[in-house]
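Chemist: Structure incoming, see below.
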Amino acid sequence: MSYAKNLRCRECHREYPLEARHVCDFCFGPVEVTYDYDAIRKVVTRERIERGPASLWRYRDFLPCDADSAIDIGAGFTPLIEAKNLGKALGLKKLYIKNDTVNPTWSFKDRVVAVASSRARELGYDKLACASTGNLANSVSAHAAAAGMEAVVFIPHDLELGKVLGSSIYGPTLVKVRGNYDAVNRLCAELAGAYNWAFVNVNVRPYYSEGSKTLGFEVAEQLGWRAPDHCVVPIASGSLFVKIRKGLQELWKAGLIDEPKTRMSGAQATGCSPVATAWQEGTMNFRPQRPNTIAKSLAIGNPADGYYSLVQLKETGGACGSVTDEEIVAGMKLLAETEGIFAETAGGVTIASLKQLTEQGHIHPDELTVAFITGAGFKTVEAVAEALNPPLEIDATMESFDAAYNARVAQGVA
Amino acid sequence: MAVKRVRFTFPENLIREPIIYRLGHEFRVITNVRMADVDEKTGWVVLELEGDPDEIERSIAWAQERGVRVDPVTGDVVEG
């Protein structure tokens, strides 16, 4: 069973039943799931969670669907590693990496889609849909396949082959939409209104976004039931950024951790930085942008939770990094070379922002800091292909190897 | 008749222009301001546009030609 109580508007606090709805009819504010925390407190314990499955469903008491009938392809409970080498390189004494590259479809989207698809099925939907440039499309296609549901996935017409195959292998109806970013976006908003399907990030968005809370739950549990001092999180729609904090606060409300005083900092690519720009200008009114960055998984020019991200930055004393494409590639390489983790471009944004915010003094060396790496590098190989050393090519002789290897050593890059 | 919810974002050079008034006169579209925040440098307005679907699209194209950015109310639908 679920302890979800209702949907409530974040702006005017009007309440609605637990239906497929993402905005308030009166003020157009976003609605989010509320829970019966008194009931949760009576049943939940650290031990109960620790006895649960090694997936996000160990936090079933805090999720808006029945875990016993959930669509479970093993999302969540990913490693939290102490990043000593990267910490040393950046001058941070207690740095951790939350490695969400190892989810079933290699990104954190499996968390949100696991919850959205499960709730969609409970609400009677038999079709899942989304509009995506990669990660979300992969995850919706995989979850629909596992659940025996139909998937209809809309993608821009010029998406890279790897990302297309990463969805089509699961057998969805894949629709390439011709047009620029704005046109694709507007068409998909209309489609979501016209078809009675479960668009995971539109009409079932309140449930979808609850999946992101599980990153907050996991980090606290993996740190020995305590909240970090500082989190650095990539910001696309802003939902992940906001919900990680909600997860930490819910653990506190349930009596499982002390009150979190976590500073929440964001990470954006300069080529799509509506939140970072507003934060730098000291305004709560972000201006939508047309994305132009290699970090396509963060390329949301008009973020649904942009305002709430700015509120959270202010409330927690966080900061927001803004990094160039060159810094993103350098961030990907730095993470790989220090910690052995190959992240996608969004991970490069996070690591480059972590570096930037540390150098600017926003992150203190003694803070227990967690950087969230949300997707795997094999999804965006094009971004780094030209920035890496080419392999040595030799004849099948010792002499040929010695010559090539010594030349590489002489360059100082072996 | 159809109703479309959109978010208009105005650049600084259009803040003083009566764009919504003119849109309602140039096109057979009923405009209904539901939320707004406008200051001296920038501004946004959440609007409901009611009318024939083609006429609504023409009115949106007209606003865009004048430099208004038009987005879905709920933020971007396309995600990473």
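Protein sequences appear in the order of chains A and B.
All letters in the first sequence, in the order written, are residues 130 to 543 by my numbering.
All letters in the second sequence, in the order written, are residues 25 to 104 by my numbering.
Note that CB positions come from ideal geometry on N, CA and C, so glycine has one too.
Taking Cβ-Cβ distances shorter than 7 Å, what residues in chain B pair up with Cys449(A)?
Modeler: Ordered by position in chain B, no residue passes the 7 Å Cβ test against Cys449(A), which lies about 18 Å from the chain.
Chemist: Between Ala448(A) and Leu486(A), how many whole angstroms is the CB-CB distance? I'm expecting something under 8 Å.
Modeler: Confirmed, about 5 Å.
Chemist: Three or more beta-carbon pairs under 8 Å between the stretch 433-444 of chain A and the stretch 404-412 of chain A, yes or no?
Modeler: Yes, the stretch 433-444 of chain A is in contact with the stretch 404-412 of chain A.
Chemist: Evaluate contact between the stretch 352-366 of chain A and the stretch 248-261 of chain A, counting only Cβ atoms and requiring at least three cross-stretch pairs below 8 Å.
Modeler: The stretch 352-366 of chain A vs the stretch 248-261 of chain A: no contact.
Chemist: If you measure beta-carbon to beta-carbon, which residues of the stretch 431-445 of chain A are closer than 9 Å to chain B?
Modeler: Answer in chain order: Asn431, Pro432, Ala433, Asp434, Gly435.
Chemist: Can you tell me whether His49(B) is buried or exposed, with buried defined as 16 or more other CB within 10 angstroms of its CB?
Modeler: Exposed, because fewer than 16 other Cβ atoms sit within 10 Å of the Cβ of His49(B).
Chemist: Look at the Cβ atom of Val57(B), then the Cβ atom of Phe32(B), and state whether they are nearer than 7 Å.
Modeler: In this structure, Phe32(B) does not lie closer than 7 Å to Val57(B) by Cβ.
Chemist: Can you tell me where the alpha helix (DSSP H) holding Met461(A) begins and where it ends?
Modeler: Element bounds for Met461(A): 454-468.
Chemist: Among the candidates Gly104(B), Asp100(B), Ser83(B), Gly91(B), whose CA atom is the shortest distance from the CA of Lys28(B)?
Modeler: The shortest Cα separation from Lys28(B) among Gly104(B), Asp100(B), Ser83(B), Gly91(B) belongs to Ser83(B).
Chemist: In whole angstroms, what separates the C-alpha of Cys360(A) from that of Leu377(A)?
Modeler: Spanning the two alpha carbons is a distance of roughly 11 Å.
Chemist: Here's the rule I'm using: 16 or more other beta-carbon atoms within 10 Å means buried, otherwise exposed. How should Pro494(A) be labelled?
Modeler: That one is exposed.
Chemist: Considering only residues of the same chain and omitting the five flanking positions on each side of Val172(A), which have a CB-CB separation below 7 Å?
Modeler: Within the same chain, Val172(A) has close Cβ partners Asp190.
Chemist: In whole angstroms, what is the alpha-carbon distance linking Asp531(A) and Gly308(A)?
Modeler: Their Cα atoms are separated by approximately 52 Å.
Chemist: In the DSSP output, which residue or residues are listed as bridge partners for Gln397(A)?
Modeler: According to DSSP, which records beta bridges pairwise, Gln397(A) is partnered with Ser451(A).
Chemist: State the Cα-Cα distance for the pair Gln397(A) and His272(A), rounded to the nearest angstrom.
Modeler: Taking the straight line from one Cα to the other gives about 28 Å.
Chemist: In terms of DSSP beta bridges, what is Ile284(A) paired with?
Modeler: Paired residue(s): Lys305(A).
Chemist: CA-CA distance, Ala481(A) and Val452(A)?
Modeler: Approximately 7 Å between the Cα atoms of the pair.
Chemist: Buried or exposed: where does Lys372(A) fall if 16 or more other Cβ atoms within 10 Å of its Cβ makes it buried?
Modeler: Result: buried.
Chemist: What first and last residue would you give for the beta strand (DSSP E) that runs through Ile84(B)?
Modeler: Element bounds for Ile84(B): not the beta strand (DSSP E) but the alpha helix (DSSP H), 77-89.
Chemist: Pull up the distance between the alpha-carbon of Trp326(A) and that of Gly477(A), whole angstroms please.
Modeler: About 34 Å.
Chemist: Leu593(A) lies in the alpha helix (DSSP H); which residues open and close that run?
Modeler: Summary: the structure shown does not reach residue 593(A), with chain A confined to residues 130 through 543, and so no result is reported for it.
Chemist: For Ser261(A), report the span of its beta strand (DSSP E) as first-last.
Modeler: Where Ser261(A) is concerned, the enclosing beta strand (DSSP E) stretches over 256-261.
Chemist: Using the Cα positions of Arg516(A) and Ala183(A), report the straight-line distance between them to the nearest angstrom.
Modeler: According to the sequence shown, residue 516(A) is Ala rather than Arg. Those two C-alpha atoms are separated by around 37 Å.
Chemist: Identify the continuous beta strand (DSSP E) that holds Thr33(B) and give its terminal residues.
Modeler: Per DSSP, Thr33(B) belongs to the beta strand (DSSP E) from 26-34.
Chemist: Within 7 Å (strictly less), CB to CB, does Ile470(A) reach chain B?
Modeler: False, the Cβ-Cβ gap to chain B never drops below 7 Å.
Chemist: I need the straight-line Cα distance from Ala428(A) to Leu221(A), nearest angstrom please.
Modeler: So the alpha carbons of these two residues sit roughly 29 Å apart.
Chemist: May I ask you to report which of helix, strand or coil DSSP gives Phe471(A)?
Modeler: Of the three classes helix, strand and coil, the one that applies to Phe471(A) here is coil, per DSSP.
Chemist: Using a Cβ cut-off of 7 Å, which residues of the stretch 73-97 of chain B contact any Cβ in chain A, in chain order?
Modeler: Those residues of the stretch 73-97 of chain B that come within reach of chain A (Cβ to Cβ, closer than 7 Å) are Arg93, Asp95, Pro96, Val97.
Chemist: By Cβ distance below 6 Å, which residues in the same chain neighbour Gly295(A) in space, the five residues on each side in sequence not counted?
Modeler: For Gly295(A), where only same-chain residues beyond five positions count, the Cβ hits under 6 Å are Asn267.
Chemist: Is Pro301(A) near the ligand ADP, with its Cβ less than 6 Å from a heavy atom?
Modeler: Ligands in the displayed structure: none, and consequently the ligand ADP is not present.
Chemist: Can you check DSSP and say which residues form a bridge with Ser236(A)?
Modeler: Per DSSP, Gly504(A).
Chemist: If you count every other CB in all the chains shown that lies within 10 Å of the CB of Asn314(A), and 16 or more means buried, which is it?
Modeler: Asn314(A) is buried by the Cβ-count criterion.
Chemist: Report the three-state DSSP secondary structure of Tyr164(A) (helix, strand or coil).
Modeler: Tyr164(A) falls in the strand class under three-state DSSP.
Chemist: Measuring CA to CA, which of Asn135(A), Glu144(A), Ala274(A) is closest to Thr302(A)?
Modeler: The shortest Cα separation from Thr302(A) among Asn135(A), Glu144(A), Ala274(A) belongs to Ala274(A).
Chemist: Which one of Cys138(A), Asp165(A), Ser131(A) has the shortest CA to CA distance from Ala383(A)?
Modeler: Checking every option, the nearest Cα to that of Ala383(A) belongs to Asp165(A).
Chemist: Under the rule that 16 or more other beta-carbon atoms within 10 Å means buried, what is Gln540(A), buried or exposed?
Modeler: Flag for Gln540(A) reads exposed.
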